[in-house]
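For what it's worth, the working numbering labels the leading residue of the sequence shown as 1287, then goes sequentially. Note that the Cβ used here is the ideal one computed from N, Cα and C, for glycine as well. Reviewing the structure listed below.
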Amino acid sequence: MNNGLARNWMSSPVITATKDMHLSDARKLISERKIRALPVVENGQLIGIVTRRGLLRMDLSLLQEDAQYLDLDPAEMKVQDVLTLNPITIRPEALIPKAARIMLENKITALPVIENGKMVGILTNSDLLRFIIAEYPVVKNKKPVSHYMTDEIVSIRPDDSLLEAHRLMGTKRIRSLVVMEGDKMVGLVTRTDLMSSDPSRMASRNNQKISLQILTESVEKVMSKSLITISPDASIVEAATLLLEHKIHCLPVVDAEQEPVGIITESDLFLMIVQKFF
1287 MNNGLARNWM SSPVITATKD MHLSDARKLI SERKIRALPV VENGQLIGIV TRRGLLRMDL
1347 SLLQEDAQYL DLDPAEMKVQ DVLTLNPITI RPEALIPKAA RIMLENKITA LPVIENGKMV
1407 GILTNSDLLR FIIAEYPVVK NKKPVSHYMT DEIVSIRPDD SLLEAHRLMG TKRIRSLVVM
1467 EGDKMVGLVT RTDLMSSDPS RMASRNNQKI SLQILTESVE KVMSKSLITI SPDASIVEAA
1527 TLLLEHKIHC LPVVDAEQEP VGIITESDLF LMIVQKFF
């Protein structure tokens, strides 16, 4: 393994936020820059982090029965109201497999890289994919996608609601659902699709009726119909390249008849990093 240190793969400089930034602006920044994590700094020091996943969880939490007791005005909420304090960090000299293990075990998508108390970069899922593309070709006993993919396919119908998609992802602890119409795969819906289904939802949170109407919309309205798939015989490098180029986190695995036989995710690839490079 060449150059397998965090410092050689981290992203730098880092896009950051302040604790006083409005949450709507943070969400817009994450969407426009196509990032999943936004470190929060104060006086040059890392004090927390806001993630796309965290924004989604917060967004949904205000729909619970006890929302009426929350003293929150979503239009006025700021980053400081939802940031995760004391995020997990890593040193520049840490090995990439260690970083992958930390991210898997803690279910996080980014690790701020800290040196002498200062944030010098951030290691993200995309950086780990770049590592795979560069380093996997030198691995002995290479195995195809079929060896690392998940065989179980959790599916949903196009006319099922967004709320049902949220429920399934939550109970199964997954971030994507294959959309099936009969025996045919017609789309894929991800947690990102659900979050992006209505960017104005946060601003309209004071009208719970509108929010609930949005969640009763059908999956078909937000699912990805132009599917990017991969063969079970394809290489891991091909899978990592597709994920990185299209900025997606999973690929349906299909056979010669284009029937789904599994799904491979970033997490599957990161587990491979731990197994192959430690």
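Integer-rounded CB distance, given that Lys1320 should sit under 8 Å from Lys1533: 6 Å
Going by DSSP, which residues form a beta bridge with Ile1297? Correcting the residue identity first, residue 1297 is Ser in this sequence and not Ile. For Ser1297, which the question treats as bridged, DSSP gives the partners Ile1408.
Reduced DSSP secondary structure (H/G/I, E/B, other) of Ile1559: helix
Suppose you measure from the CA of Val1399 to the CA of Val1406; what does that come to, to the nearest Å? 6 Å
Report yes if the CB atom of Val1539 is closer than 8 Å to the CB atom of Gly1548, and no otherwise. yes
Taking its Cβ as the centre, do 16 or more other Cβ atoms sit within 10 Å of Leu1480, making it buried, or is it exposed? buried
Can you check whether the CB of Ile1419 is closer than 8 Å to the CB of Ala1303? no
Apply the 10 Å Cβ neighbour rule to Val1464 and answer buried if 16 or more other Cβ atoms are within range, or exposed otherwise. buried
Which partner residues does His1308 have in the DSSP bridge list? Lys1364
Ordered along the chain, which non-local residues of its own chain (more than five positions away) have a Cβ less than 7 Å from that of Pro1383? Ile1559, Val1560, Phe1563, Phe1564
Looking at C-alpha atoms only, which residue of Gly1468, Val1431, Arg1453, His1433 is the closest neighbour of Arg1443? Gly1468
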